[in-house]
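In what follows, a single structure is set out as structure tokens and then discussed.
Protein chains: 2
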Amino acid sequence: MSDRNGSFDGVHRRNLARVLGLVHLEGPLSRARLTALTGLNRSTIAALAGELVDFGLVEERAPDPTNRVGRPSPVVAPHPALVAVAVNPEVDAVTLAAVGLGGRIAARRRIDVDGLVSPEEVARLTADAIDGWRSRELPDARFAGVGLAVPGLVRAADGLVRFAPHLEWRDAPVRAFVEEATGLPAAVGNDASLGAIAEHLFGAGRGVDDLVYLNGGASGIGGGLIVHGRPVGGTSGYAGEFGQNRPGIAASVDRRAEGGVLEDEVSRTRLLEAVGLRSADEPTLAAAIRDALAADGERGAAITDELDRQRRILATALANAVNVLNPSLVILGGFLATLADQEPEALRAAVAAQAMPAAAEDVDLVVAALGEDRLMIGAAEAAFASLLADPLAAAHPATVD
Amino acid sequence: MSDRNGSFDGVHRRNLARVLGLVHLEGPLSRARLTALTGLNRSTIAALAGELVDFGLVEERAPDPTNRVGRPSPVVAPHPALVAVAVNPEVDAVTLAAVGLGGRIAARRRIDVDGLVSPEEVARLTADAIDGWRSRELPDARFAGVGLAVPGLVRAADGLVRFAPHLEWRDAPVRAFVEEATGLPAAVGNDASLGAIAEHLFGAGRGVDDLVYLNGGASGIGGGLIVHGRPVGGTSGYAGEFGQNRPGIAASVDRRAEGGVLEDEVSRTRLLEAVGLRSADEPTLAAAIRDALAADGERGAAITDELDRQRRILATALANAVNVLNPSLVILGGFLATLADQEPEALRAAVAAQAMPAAAEDVDLVVAALGEDRLMIGAAEAAFASLLADPLAAAHPATVD
DNA sequence: CGATATTTGTTGCGCTTGACCCCAAATGGT
DNA sequence: ACCATTTGGGGTCAAGCGCAACAAATATCG
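Protein chains in written order, with the numbering used here: chain A, 4 to 404; chain B, 4 to 404.
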């Protein structure tokens, strides 16, 4: 009844996905607004919403009090019990969250680890977290799937982690481990790529169809692209590795690492060194930079020089990306946001000076908006992806009759 | 009757477009093959094909003699009378062609010009060419539209040529001029972007969904991207300007232009200088390079050095693109193909050495396949685009009843 | 406080489209 | 010459969405 290869039933599937997607991206919407946004008929929206309610994917609430004439329209909202599990294994901790549709964080836990976690441990920790949530914080939750944001190269075809240098994972079938341990479908993605998706859907890049996202982390510089409103994976899913690029360095005195790549030159470690810290989280580093800049004399000059140097090189890398992709937005996260925030206009001007004028006119440069939730939301998005693409297939995996 | 916003009629439109697109891309196909390729029902294919015949977009021929049992299936082929006009204004000449569906060149003419052509002259030459074809070579032709491949920045929104440095056009409304002069709908695109589309659909990139195309011309280095099987324009359509990038130059002795961009370093002019020519077409340059390499002594060493130098810099630029986009194919055209053909393995190795290993594994590096027809086919594709996207709307622009 | 206007949910009907079924046509093999 | 196989053609069927009429709920006006 539900699986028909014909393109007819495809209309229905697409419309279901469209309604669910709108509720997911825009938040709770009245049926009236859904008719306006989709262009579908009122009766069609009613039928689609009813179907999604039957599947347990959304719920219909009493109308919001609107101070306008006319019959109020029921509000279609993501079902609060439906969540995805987001997992981000890092060198010092594994962060997990239960994320509802619309990017709502329902629960979160951070598990500090001694030494490096293995893929098997991540699977176990994920299963434990789900058990904990099931029995305590979220007794009614229905878990749609697991999404993992991994700091490394992830092969899109099968979710294999080809290489995660800091975790020291190599060809790790973490997806299979997690699916085995939890009994849920799992999706694996590169952390920066998933961050780009999160910023695109819920952050600084909302509604922008062509953007470049660059994130500066302790491990280096990763990124993600959105083209035609869709995340770019490339053939195998490795796209977005800006950190491994070799941008032009106009003044050779700016070069620190001979034969090095972007993330050797524009690096968090070098910023930490310049302010005399050994390690710090992002707010601490930003504060330390502010303090150092305020200090007169040699200390202030040293950090100013280093910030300027890194900005010059980053600007060339960004200009290259702007020339090739002509995006309307560049989003900077992590320490790159700190770098940009110190002298936003200087960075914009440096990019504009090195990019084609026409492309430079189009592009805006902003810092990321989502903060620490970014990876959780991005990972959840990966977990929800199949459901959002085809709610009917996901709700009725194989209806016999 | 024909315009209904409902998603129902959308199925029909999509199916029509799918069938026409298949015949366009794959060449003449039997109805039986169309059913297999689309997954649609035989009766549906029959109806769709009949409709396209009625619109004059395709024709049905007697079945090809197939040495197989069973009733033979009529062949659906692009209608031979349906052509688009491709126009490529350049500094020395304006090249025009009448191109049928499937990339067939029905007629071609090259008009040498003294001095630079203006947009108005291009419009007039186009109208003249159409008149000539109508009255002589192609009396039965139906012209679907005009596509212009312009060596410059073209704003996608309205086809305005923002800046074409070698033609000395600035904010030239050439699309409007051509539409006025010919009475046909016109589309304008950047030459390299259209070349990328042509290579993707009919050349070295057939069936490849993620590719990077770089073309080396007299005016510099342009390019185009295909992502998710679709050409990437960016916000305004300026995407693909690799020539304006600043790639890393590992050895500072390799730098020729201080503060220069890729096309200042990797340049046709420098190759011509190295072989002692003032100007030459591509085969002549390639032959001159071969001769020079064969020569012993200083002359051979000089050209070897210059080729190696340009290849080193090009390799860095390609590696940057490979890191960011993880394409499965890089296509080189123009003098970049000549550069690659001299030492293909050296270039591949240099790219692989500078790109991420995982992304380098995925990518293949080839030279363009279409030669001088590339821009004509790409421009025709732009002219056919609206027809291919929605044959129904294009065939019945505004059916009153 | 009641009547009216406005907006929207609900229900039944009709249109369009593509799938399915059965028969006819064309071809190769026996 | 006959049969198996493949495919086109026409009629019928089911499904999905739009449309129109009616009902319900709310704000505004008198």
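In this text, a Cβ means the ideal position worked out from N, Cα and C, and glycines have one as well.
As the structure is a computational prediction, the values presented were derived from the model and not from experiment.
Query raised in the report: Quick one: Cα of residue 285 of chain A to Cα of residue 106 of chain A, how far?
Result: 23 Å
Query raised in the report: Quick one: what's got a C-beta closer than 7 Å to residue 108 of chain A's C-beta in the same chain, skipping five residues either side?
Result: 100, 102, 376, 379
Report task. Determine contact between the region 358-369 of chain A and the region 89-98 of chain A, defined as no fewer than three beta-carbon pairs at a distance below 8 Å. Result -> no
Query raised in the report: So, residue 434 of chain A versus residue 43 of chain A, is the Cβ gap smaller than 7 Å?
Result: Residue 434 of chain A is absent from the structure shown; chain A starts at 4 and stops at 404.
Query raised in the report: On the three-state DSSP scale, how would you describe residue 31 of chain B?
Result: In the three-state scheme derived from DSSP, where H, G and I count as helix and E and B as strand, residue 31 of chain B is classed as coil.
Query - Segment limits, beta strand (DSSP E) that includes residue 92 of chain A - result: 85-92
Requested in this report: Find the residues of chain A that neighbour residue 329 of chain B, judging by a C-beta separation of less than 9 Å, and give them in chain order.
Outcome: The contacting residues are 235, 236, 237, 238, 239, 240, 241, 242, 243, 244.
Requested in this report: Closer than 8 Å, Cβ to Cβ, to anything on chain A: give me those residues from the region 64-96 of chain B, in chain order.
Outcome: none
Query raised in the report: Using the C-alpha atoms, what's the distance from residue 257 of chain B back to residue 346 of chain A?
Result: 33 Å
**Report entry** Straight-line gap, residue 355 of chain A to residue 58 of chain A (C-alpha atoms, nearest Å)
**Finding:** Looking at the two C-alpha atoms, the distance is approximately 50 Å.
Query raised in the report: So, is the C-beta of residue 379 of chain B closer than 7 Å to a C-beta in chain A?
Result: no
Query - Contact check, residue 384 of chain A vs residue 229 of chain A, beta carbons under 7 Å - result: Not in contact: residue 384 of chain A and residue 229 of chain A (Cβ atoms no closer than 7 Å).
Query raised in the report: Anyone know if the C-beta pair for residue 197 of chain B and residue 324 of chain B falls short of 7 Å?
Result: no
Requested in this report: Out of A/120, A/335, A/298, A/350, point me to the one whose CA is closest to residue 175 of chain A's CA.
Outcome: A/120
Requested in this report: May I ask you to list the residues that DSSP assigns as paired with residue 133 of chain A?
Outcome: Partner(s): none; residue 133 of chain A has no beta bridge.
Requested in this report: Scan the region 182-267 of chain A and note each continuous alpha helix (DSSP H) run of 4 residues or more that stays entirely inside, going in chain order.
Outcome: 194-205
Requested in this report: Could you work out which residues of chain A lie near residue 222 of chain B, taking near to mean beta carbons separated by less than 9 Å?
Outcome: By Cβ distance, chain A contributes nothing, its closest Cβ being about 14 Å from residue 222 of chain B, past 9 Å.
Query raised in the report: Is residue 150 of chain A near residue 87 of chain A, with beta carbons less than 7 Å apart?
Result: yes
**Report entry** With 16 other Cβ atoms within 10 Å as the buried cut-off, status of residue 250 of chain B
**Finding:** buried
Requested in this report: Could you check what DSSP says for residue 366 of chain B in three-state terms: helix, strand or coil?
Outcome: coil
Query raised in the report: Which term fits residue 93 of chain B, buried or exposed, when burial requires 16 or more other beta carbons within 10 angstroms of its beta carbon?
Result: Only buried fits residue 93 of chain B, as 16 or more other CB atoms lie within 10 angstroms of its CB.
Requested in this report: Could you confirm whether any beta carbon from chain A is found closer than 7 Å to the beta carbon of residue 213 of chain B?
Outcome: yes
Report task. Consider the Cβ of residue 6 of chain A: report whether some Cβ of chain B lies at a distance smaller than 7 Å. Result -> Confidence in residue 6 of chain A is poor, its pLDDT being 36 and thus under 50, which makes the residue's placement unreliable; the coordinate value appears in the next sentence. So no, residue 6 of chain A is outside the interface.
**Report entry** Identity of the residue in A/75, A/182, A/154, A/181 nearest residue 169 of chain A by Cα
**Finding:** Measuring from the Cα of residue 169 of chain A, the nearest candidate turns out to be A/154.
Query raised in the report: Cβ of residue 38 of chain A less than 7 Å from any chain B Cβ?
Result: no
Query raised in the report: Given a limit of 9 Å on CB to CB distance, which residues of the region 296-319 of chain B reach chain A?
Result: 319
Requested in this report: Since I believe residue 303 of chain B is in contact with residue 310 of chain B (beta carbons under 8 Å), could you give me their beta-carbon distance rounded to a whole number of angstroms?
Outcome: Incorrect: roughly 11 Å between the Cβ atoms, too far for contact.
Query raised in the report: DSSP three-state call for residue 79 of chain B: helix, strand or coil?
Result: The answer is strand: DSSP assigns residue 79 of chain B an E or B state.
Query raised in the report: Is the Cβ of residue 270 of chain A closer than 7 Å to any Cβ of chain B?
Result: no
Query raised in the report: From A/163, A/358, A/161, pick the residue whose C-alpha is nearest to that of residue 263 of chain B; which is it?
Result: A/358
Query raised in the report: Roughly how many whole angstroms lie between the Cα atoms of residue 112 of chain A and residue 132 of chain A?
Result: 8 Å
Requested in this report: Answer yes or no: does any C-beta atom of chain B fall closer than 7 Å to that of residue 156 of chain A?
Outcome: yes
Query raised in the report: What did DSSP end up calling residue 118 of chain B once you bin it into helix, strand or coil?
Result: coil
Report task. State yes or no: is the beta carbon of residue 403 of chain A nearer than 7 Å to at least one beta carbon in chain B? Result -> Any reading at residue 403 of chain A must be qualified, since the residue scores a pLDDT of 37, below 50, and its modelled position is unreliable; the value itself is stated next. So, not an interface residue.
Query raised in the report: So the alpha helix (DSSP H) residue 325 of chain A belongs to, where does it begin and stop?
Result: 300-328
**Report entry** Residues that residue 335 of chain B bridges to, as DSSP identifies them
**Finding:** According to DSSP, residue 335 of chain B bridges with B/217, B/370.
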